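Asks: One structure is given below, represented as structure tokens, and several questions about it will come after.
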Amino acid sequence: MSNTLMNLGVSGLNAALWGLTTTGQNISNAATPGYSVERPVYAEASGQYTSSGYLPQGVSTVTVERQYNQYLSNQLNAAQTQGSSLSTYYTLVAQLNNYAGSPTAGIATAITNYFTGLQTVANNAADPSARQTAMSNAQTLASQLVAAGQQYSQLRQSVNSQLTDTVTQINSYTSQIAQLNEQIASASSQGQPPNQLLDQRDLAVSKLSQLAGVQVVQSNGNYSVFLSGGQPLVVGNASYQLATVASPSDPSELTIVSKGVAGSAQPGPTQYLPDVSLTGGALGGLLAFRSQTLDPAQAQLGALAVSFASQVNAQNALGVDMSGNPGGSLFAVGAPAVYANQNNTGSATLSVSFVDGTQPTTSDYALSYDGAKYTLTDRATGSVVGTATPSSTPPTMTIGGLKLSLSSTPNAGDSFTVLPTRGALDGFSLAIANGSAIAAASPVLAAGVATNSGTGVISQGSVSAGYQLPSGTTTLAYNAASKTLSGFPVGTTVTIAGTPPTSINITSATTPVPYDPSKGASMTISSTTQPAPSGVMNGVSVSLSGTPADGDQFTIGANKGTNDGRNALALSQLVNSKTMNNGTTTLTGAYAGYVNAIGNAASQLKASSAAQTALVGQITQAQQSVSGVNQNEEAANLMQYQQLYQANAKVIQTANSVFQTVLGLFN
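Quick note on numbering: the sequence shown equals residues 1 to 667 in UniProt numbering.
As structure tokens, then:
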């Protein structure tokens, strides 16, 4: 019996030692990331049969069990995935917001200053200093737009760099998980759970979930890990390697590919993973920032630069400079960026231009050819903008405000990426350096003859695109009896504004054009034949008001004055022209909308990221209440197991005393 008592004490000592050891393990790993608190699991040992009944055999330590809640761990991983995505996205948007909203950027101020400088030129067209100040303002604006383009390029490079780093980390964790799967399977075959390996694997999954949205499937003790889009990352002891490569549709951006099983002699073909299948985690945040904020914002600011340059250049072309020459372009802007897909089988190249540069698109597109028709698709929304089946050779078409010209017919399945305003900022510059090139003067000058006796007044005149002035002066004469004007250039058509407008073809110098002194008239003189033959007046508009006397005359001819600032005034008034966003917004208004959109996105993401961080904290607290080490609880356990050890030692001491008493009976 004393032997049985001794065995009971020994089993209790062993159980207490397991408890002390496990508690010591918990305390020593209290600060270890990923550690799950462990508890020994005890069971009563099977009794030994005797004729008097089953003799107790004490206690056995069945296993050491880690305190782990799969549901809470899954919830925490999912929350971390979303939190990491929002945090990454917000960090980049905040950086872009600092660029856009920085007082040193001042693009809106530079636009306003430029147009203010043109107003000064309009008032002092012959003053070289006024012109040079306007050119200085123009250079400031150009420099700031180029700087903005460089900032976008730096952000794009930063995204590419972070994508590469993130993919490297993902590969490291997936390789680690695959190796742990193998080690856990081997260790588990001995009948006990390898808690340390299980903790390491769960920690690796937790870290991986912060890098990418993943789904974990458990089967026979193994973890199979898949990306949110279904692409496998880990299956058993095999990990699938990801990589970053230049996008076949846009070489300025990196895209994610799967290169098959890591370390395999035949890893399989490279598989491109679409961005929409890579949501969550830092990876998803990077891709979301690029597609949802970076690309649209750069396109929007680029469109503003294109519209600004197009408007100013078009208006300057309607004037004459200080040398009396027709105005040329004041600004140059980068051409649309076009990339042939690297997987194209044909050799066709594509060139793109705007149908109307004053109202450029703010979207990016993909042009595809199926062997019969061409389809232009919005890259952001996936919606079809339009289709075309051109019959010309080589093919030329107009879709979505873009003129698309191919060098030859592509092969079926070929595609092109069209980024209409991507290069506008980097390529923005002054086309001229001398203020004398500002075409401040209007090329036309209309006036009443000094000897007129009536009250008729004619405007100085204006011109439109494609205007043409004959070398001589056109003289209009008023007939009071018939209330008509004559003397308009033969071969022209005079259009009198009204509802509806009235058009009169001028077939001779005496062709009458009605004029009602009580209403006045706005008239446009255009060549009847288009394009206008050389020497025929075209695109000239004048307004007449008041009551001319019979025989009063009005002249229309080329402007010879160098101090005329009418076209500079028209240039300065472009600041108030609503040409952006389908004619609803001015240039400065469009820029304010651009800045506000980025600022609003930053504010929303900041709030969402903060809320998600709080949620991660709450779930972490719940998860740690199950798996985390509580120092107070472990201190209590330490005392409990110490007392248990001492009590079982007392049992052994008692058994020994009984044994010694029995021996004493024989002495």
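Just so you know, even glycine gets a beta-carbon here, dropped at the ideal spot from N, CA and C.
If you're wondering where the values come from, they're calculated on a predicted model, not measured in any experiment.
If you draw a straight line from the alpha carbon of Val355 to that of Ser307, how long is it in whole angstroms?
Replies: Taking the straight line from one Cα to the other gives about 12 Å.
Asks: When the Cα atoms are used, what is the spatial distance from Gln192 to Thr174?
Replies: Cα to Cα, the separation comes out at about 25 Å.
Asks: For Phe115, which three-state DSSP category applies?
Replies: Reduced to three states, the DSSP call for Phe115 is helix.
Asks: Going by Cα to Cα distance, which pick from Tyr114, Tyr42, Pro517 is closest to Ala142?
Replies: The shortest C-alpha separation from Ala142 is found at Tyr114.
Asks: Hey, how far is the Cα of Asn124 from the Cα of Asn325?
Replies: Near 19 Å, if we compare the C-alpha coordinates of Asn325 and Asn124.
Asks: Report, in whole angstroms, the separation of the C-beta atoms of Thr244 and Leu211, which I expect to be a contact under 8 Å.
Replies: About 13 Å; that fails the 8 Å criterion.
Asks: Using DSSP with H/G/I as helix, E/B as strand and the rest coil, what is residue 669?
Replies: This structure gives no information on residue 669, because the portion of the chain shown stretches from 1 to 667.
Asks: CB-CB under 7 Å to Tyr223, same chain, minus the five flanking residues each way: which ones, in chain order?
Replies: Correct list, in chain order: Ile177, Asn181, Arg201, Val205, Val216, Val234.
Asks: What three-state label does DSSP hand Thr584 in the structure shown?
Replies: Residue state, collapsed to three classes: coil.
Asks: Do residue 713 and Gly454 have their C-beta atoms within less than 8 Å of each other?
Replies: Any answer about residue 713 is impossible in this case: the structure gives the chain only from 1 up to 667.
Asks: Measuring CB to CB, does residue 687 end up less than 8 Å from Gly281?
Replies: Residue 687 cannot be examined here, being either before or after the span of the chain that is shown, 1 to 667.
Asks: Quick one: any contact between the segment 490-506 and the segment 567-577, if contact means 3 or more CB pairs under 8 Å?
Replies: Counting Cβ pairs under 8 Å, fewer than three are found: no touch.
Asks: Would you kindly report the start and end of the unbroken alpha helix (DSSP H) that includes Gly284?
Replies: Unbroken alpha helix (DSSP H) run through Gly284: 281-289.
Asks: Within 8 Å, do at least three Cβ pairs link the segment 2-19 to the segment 54-61?
Replies: Because the criterion of three Cβ pairs below 8 Å is met, the segment 54-61 and the segment 2-19 touch.
Asks: Measure how close the beta-carbons of Gly487 and Val121 come, nearest whole angstrom, since I'm counting them as under 8 Å.
Replies: Not a contact, Cβ separation roughly 34 Å.
Asks: When the distance is taken between beta carbons, is Ser407 closer than 8 Å to Ala366?
Replies: Contact: no.
Asks: Quick check: Gln218 and Leu273, are their CB atoms within less than 8 Å of each other?
Replies: Cβ atoms of Gln218 and Leu273: not closer than 8 Å.
Asks: How should Ser36 be labelled, buried or exposed, when 16 other C-beta atoms within 10 angstroms of its C-beta is the threshold for buried?
Replies: Buried, because 16 or more other Cβ atoms sit within 10 Å of the Cβ of Ser36.
Asks: Exposed or buried, Leu665, counting other C-beta atoms within 10 Å across all chains shown (16 or more means buried)?
Replies: So Leu665 counts as exposed.
Asks: Check whether the segment 67-81 touches the segment 601-621, counting contact only when three or more Cβ pairs, one atom from each stretch, lie closer than 8 Å.
Replies: Contact holds: three or more Cβ-Cβ distances are below 8 Å.
Asks: Decide yes or no for the touch test of the segment 378-386 against the segment 329-339: beta carbon pairs closer than 8 Å, at least 3 of them.
Replies: Contact fails: fewer than three Cβ-Cβ distances are below 8 Å.
Asks: Whole angstroms are fine: how far does the CA of Leu376 sit from the CA of Asn581?
Replies: Distance between the alpha carbons of Asn581 and Leu376: 20 Å.
Asks: Pull up the DSSP beta-bridge partners for Arg66, would you.
Replies: Bridge partners of Arg66: Glu38.
Asks: Taking the alpha-carbon of Glu38 as reference, which of Asn559, Pro517, Gln132, Gln624 has the nearest alpha-carbon?
Replies: The residue with the shortest Cα to Cα distance from Glu38 is Gln624.
Asks: Run through DSSP, which three-state label would Glu253 get?
Replies: Residue state, collapsed to three classes: coil.
Asks: Once DSSP output is grouped into helix, strand and coil, what is the label at Phe416?
Replies: Phe416 falls in the strand class under three-state DSSP.
Asks: Helix, strand or coil: how does DSSP classify Ala521 here?
Replies: Ala521: strand per DSSP, three-state reduction.
Asks: Please list, in chain order, all residues of the same chain as Ala433 whose beta carbon is under 8 Å from its beta carbon, the five residues on each side excluded.
Replies: Around Ala433: Met135.
Asks: CB-CB under 8 Å to Gly520, same chain, minus the five flanking residues each way: which ones, in chain order?
Replies: Same-chain partners within the cutoff: Ser543, Leu544, Ser545, Gly546.
Asks: Within 10 angstroms of the Cβ of residue 669, are there 16 or more other Cβ atoms? Answer buried if so, exposed if not.
Replies: With the chain represented from 1 up to 667, any question about residue 669 goes unanswered, as that position is not in the structure.
Asks: Between which two residues does the beta strand (DSSP E) carrying Gly466 extend?
Replies: Residues 462-468.
Asks: Can you tell me which of Gly491, Ser508, Pro514 puts its alpha carbon nearest to the alpha carbon of Ala480?
Replies: Nearest C-alpha to Ala480: Pro514.
Asks: Going along the chain, which unbroken runs of the alpha helix (DSSP H) with 4 or more residues stay wholly within the segment 179-234?
Replies: Taking only runs of at least 4 residues, the alpha helix (DSSP H) segments lying wholly in the segment 179-234 are 195-211.
Asks: Please state the DSSP three-state secondary structure of Gly456.
Replies: Gly456: coil per DSSP, three-state reduction.
Asks: Would you mind reading off the limits of the beta strand (DSSP E) that contains Asn505?
Replies: Where Asn505 is concerned, the enclosing beta strand (DSSP E) stretches over 502-505.
Asks: For the alpha helix (DSSP H) that Leu571 lies in, which residues bound it at each end?
Replies: Segment 566-572, the alpha helix (DSSP H) holding Leu571.
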